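See below for the structure under consideration.
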Amino acid sequence: MKPILEISKLSKKFKINHEHQPYLSLRDSLTNLFTSKTTTEDFWALNDVSFNVMPGDTVGIIGRNGAGKSTLLKILSKITPPTKGKVIGRGRIASLLEVGTGFHPELTGRENIFMNGSILGMKKNEIQKNFDAIVDFSGVEKFLDTPLKHYSSGMQLRLAFAVAAFLENEILIIDEVLAVGDAEFQKKCMGKMGEVSKSGRTVLFVSHNMGAVKNLCKYGALLKNGKLESFGQIENVIDKYVNKEEFNNNNELLLNQLTNYSDEHFKINDFKIVQRNSDLLSNPFDVREEIELELNYSVLKDVYGLRIGYDIKTTDEQIVFRTFHDDASPQMADFKKGDYTSIVTIPAKLLLPKSYKIYFSIGIHNIRWIVYDKFYIDLSSTGVVGFNTAYGFLHEGVIMPFLNWKNTKN
Amino acid sequence: MEKIEFEIKPQSKFNLGVKELWEYRELFYFFTWRDVKVKYKQTFLGVLWAIFQPILMTILFTLGFGKMIATQTQLSIPYPIFALSGFLLWNIFSSGLSNAGNSMVANANIIKKIYFPRMIIPISAILVSIVDFIMAFIVFIPVMLYYKTTIIWQSIYLIPVSIFLTVLAAFGLGLFLSALNIKYRDFRYILPFFIQALLFATPIIYPINITGQGPFNWLMRLNPMYAPIEFFRSCFNGTIIQLIDITPSIVCSLCLLIVGVYYFRKTENYFADLV
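Structure follows, in structure tokens:
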């Protein structure tokens, strides 16, 4: 049997314009004729990527943001051409880089099903054949003849996914479209996806949700800086991804900035994230165990009311909690000139195995902030996907406390 | 499954992609249908706009220049019929051109997310203006009856011919502009002026013989809209069209078509990177 997808030496180059314009204007092109050219830099979003996919395989494509996942999907979907290399496909391909492409708010639900379906490459009679099933799956039959603009976003999403779920192409390319919607609908979608992958169709799936990837895919492809880092059984690939090397963040750099910062009252000397006695500054920590944030600093003048603290935020800047060094004390702190160390413990089983940011919040009460909303350190974490390993999903929410349940049969 | 269904390579050799367009033929219908529907749904007067526009233009020019032009050039049909027949066809061209020119940018979110032959978008944008034409044509009939204009029935086939030539003219230029518009957004602003200027360089509000025999007359004959308008009017005024008279216009239209299609096909691969 020949592979259904042969990806060989695929590369894609982008030119980065250092003047950073979203698009050219004629004037710029004209002036560039006469003046020296703006400097451009080549950037290989995808670099010599090769792998084969056999019919019926489900492949999860993982990697950090900017690793080239989206570029790979866009090339496979024929949205953008590669710079080098080629892809041979032996089946009809459909890509879902977004649900609801081509939805129009003025059209009714019914009309949008046809519009969206045909943009995705379905034939009119195919849509007609599946129409009832699509409507049924989406659960919006009451609003079929209502313009889409009156739908809630959840309803729009359900309708969009329902159309996509009935694509009959042999190869399906799915971007992280499931990361939205309520939990119940997500479950329904995952169920449908599982069904699709078991029905012998070939699926390429991109996601940051390792649980979902693990559940759906047999194989994994790990991309890093445009290169294929690893390809093989999904468990092995995820392990490689989750291990320390992949999480190589730029904390060293951030810390460098932080320790270079100085104020008339205050200077940071060092910062550590400690778990099991080792400094995890550049590595993810395990949420199942406690971690310590250790700050070494110098107070340069005697100061009354100095507070050392952190804001723990999600990667989208939502604050999870704030903590200060003197939270347990009844009065304001009186610091004498000298070197200090403050250690705070974040308890085990509190955070989700996701990424967070530690913002430094250091200030003199009622006078000024010394460091606020300025410096942060990435806090990446790993650990179980959920506490109960029978399920492959992360809980909703920004934290995942391990609470005490008592379940009895009456 | 041994058959190679598709191959993705860097820049493939130039081809028209007609086969692929045929495979996706249903999309023409859906895009056109969507645009027509949305257009008529979003406006209070809906379909009436398609009718008002040429009628208002005709009234305006009839009041302004009608008498003068009619006496100076010995029109064989009443001036309102003369102008309206011109505007009906002109509207296919002008709205087709501006719709097509902006169509790629307007559909950027779809272009970035899904593949289909890109040419479907500007073509559908032009097809929308044919729907407008049909609406407006229905109003043209009572106007003709009022002015007791006779239709030359043996030339009636020239109506579809003229529509076809108009679409061809709008298509070539529209493709070119829609591709340019992606790279240089300036064209969005140039386009309305361009169309306005073209209106006065086309024998719509005045007959071509008003320009005498000078070079300007010859320039006008190169206008891609000259041939379709002459064809269309000959159904009402009974002019016998000399082939030599309209050939430059058709040739010019075909040249624009070739340039437009070539430029579009050459650049369409990179649309998603640019929008």
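So the protein lines, in turn, are chains A and B. Mapping the first sequence onto the numbering used here, position 173 (from 1) lands on 173, and the numbers just tick up by one. When you read off a place in the second sequence, starting at 1, and then add 410, the result is the number in the numbering used here. Think of the CB as a built atom: it goes at the ideal place given N, C-alpha and C, for glycine as much as any other residue. Bear in mind that the values here come from a model prediction, so they are computed numbers and not experimental data.
**Message:** So with CB distances below 8 angstroms, who are the chain B contacts of A/Phe114?
**Reply:** Phe440
**Message:** So with CB distances below 9 angstroms, who are the chain B contacts of A/Leu97?
**Reply:** Lys522, Lys523 and Ile524
**Message:** Let me check one thing: in DSSP terms, what residues is B/Val685 bridge-paired to?
**Reply:** For B/Val685, which the question treats as bridged, DSSP gives no partner whatsoever.
**Request:** My understanding is that A/Ile312 touches A/Ile358, with C-beta atoms under 8 angstroms, so please give their C-beta distance in whole angstroms.
**Result:** 6 angstroms
**Closer than 8 angstroms at the beta carbon, the chain E residues around B/Glu640** = This model lacks chain E altogether, as its protein chains are A and B.
**Asked** Where are the alpha helix (DSSP H) runs, 4 residues long or more, that stay fully inside the region 581-650 of chain B, in chain order?
**Response** 597-610, 625-632 and 636-647
**Asked** Are A/Val87 and B/Ile533 touching if we call contact CB-CB under 8 angstroms?
**Response** no
**chain A contact residues for B/Pro420, given Cβ-Cβ distances below 7 angstroms** = Pro81, Pro82, Thr83 and Lys84
**Asked** What is the DSSP secondary structure of A/Arg110, reduced to helix, strand or coil?
**Response** helix
**Message:** Given this structure, state the Cα-to-Cα distance separating A/Phe321 from A/Lys349, to the nearest angstrom.
**Reply:** 15 angstroms
**Request:** Return yes when the Cβ of A/Ser11 is within less than 8 angstroms of the Cβ of A/Lys123, no when it is not.
**Result:** no
**Request:** From the DSSP output, in three-state form, read off B/Leu447 for me.
**Result:** The amino acid occupying residue 447 of chain B in the given sequence is Lys; Leu does not appear at that position. Correct three-state label for B/Lys447: helix.
**Request:** Determine the closest residue to B/Met545 out of B/Leu499, B/Gln564 and B/Arg435, with distance taken between C-alpha atoms.
**Result:** B/Leu499
**Request:** Kindly indicate if chain B contains any beta-carbon less than 8 angstroms away from that of A/Lys129.
**Result:** no
**Prompt:** If we cut at 8 angstroms on Cβ distances, does A/Gly68 have a partner in chain B?
**Reply:** no
**Prompt:** Whose Cβ in chain A lies nearer than 7 angstroms to the Cβ of B/Arg444?
**Reply:** His104, Leu107 and Met115
**Asked** For B/Lys477, which of B/Met467, B/Tyr616 and B/Phe586 has the nearest alpha-carbon?
**Response** B/Tyr616
**Request:** Determine, using beta carbons only, whether A/Lys187 comes closer than 8 angstroms to chain B.
**Result:** no
**Request:** Report the residues of the region 629-659 of chain B with a CB closer than 9 angstroms to any CB of chain A, ordered along the chain.
**Result:** none
**Request:** With DSSP collapsed to three states, give me the class of B/Pro420.
**Result:** coil
**Request:** Report the residue from B/Asn647, B/Pro570 and B/Ile469 whose alpha carbon sits nearest the alpha carbon of B/Ile562.
**Result:** B/Asn647
**Request:** Hey, could you find the ends of the alpha helix (DSSP H) A/Leu403 is sitting in?
**Result:** Taken as a continuous stretch (DSSP letters only), A/Leu403 belongs to no alpha helix (DSSP H), as it is neither H nor E.
**Message:** Measuring straight from C-alpha to C-alpha, what distance separates B/Val685 and A/Phe231?
**Reply:** 33 angstroms
**Message:** I need the straight-line Cα distance from B/Ile460 to A/Val398, nearest angstrom please.
**Reply:** Reading the sequence as shown, one finds Ala at residue 460 of chain B and not Ile. About 54 angstroms.
**Prompt:** Taking A/Ile16 as the reference, which of A/Asp28, A/Ile4, A/Ile7 and A/Ala45 has the closest Cα?
**Reply:** A/Ala45
**Item:** C-alpha distance - A/Ala94 paired with A/Gly200, whole-angstrom precision
**Value:** 15 angstroms
**Asked** If we ignore side chains and look at the alpha-carbon of each, how far apart do A/Leu148 and A/Gln275 end up?
**Response** 51 angstroms
**Prompt:** When DSSP builds the beta bridges, which residues end up paired with A/Asp279?
**Reply:** A/Val274
**Request:** Give the C-beta separation of A/Tyr261 and A/Phe387 to the nearest angstrom, bearing in mind that I take them to be a contact with Cβ-Cβ under 8 angstroms.
**Result:** That belief does not hold up - the Cβ atoms of A/Tyr261 and A/Phe387 are roughly 39 angstroms apart, past 8 angstroms.
**Prompt:** Per DSSP, what kind of secondary structure is A/Glu6 in: helix, strand or coil?
**Reply:** strand
**Message:** For B/Pro488 and B/Phe454, I'd like the C-alpha separation in whole angstroms.
**Reply:** 33 angstroms
**Request:** Flag A/Thr101 as yes if its beta-carbon sits less than 8 angstroms from any beta-carbon of chain B, otherwise no.
**Result:** yes
**Prompt:** Checking contacts by CB at 8 angstroms: is B/Leu437 closer than that to chain A?
**Reply:** yes
**Request:** Starting from B/Asp542, find everything on chain A with Cβ-Cβ shorter than 7 angstroms and list it in chain order.
**Result:** Chain A residues near B/Asp542: none, gap ~18 angstroms exceeds 7 angstroms.
**Prompt:** Which ranges would you report for the alpha helix (DSSP H) in the region 128-196 of chain A if only whole runs of at least 4 residues count?
**Reply:** 153-165
**Message:** So A/Lys227 and A/Asp48 are supposed to be a Cβ contact under 8 angstroms. How far apart are they, rounded?
**Reply:** 7 angstroms
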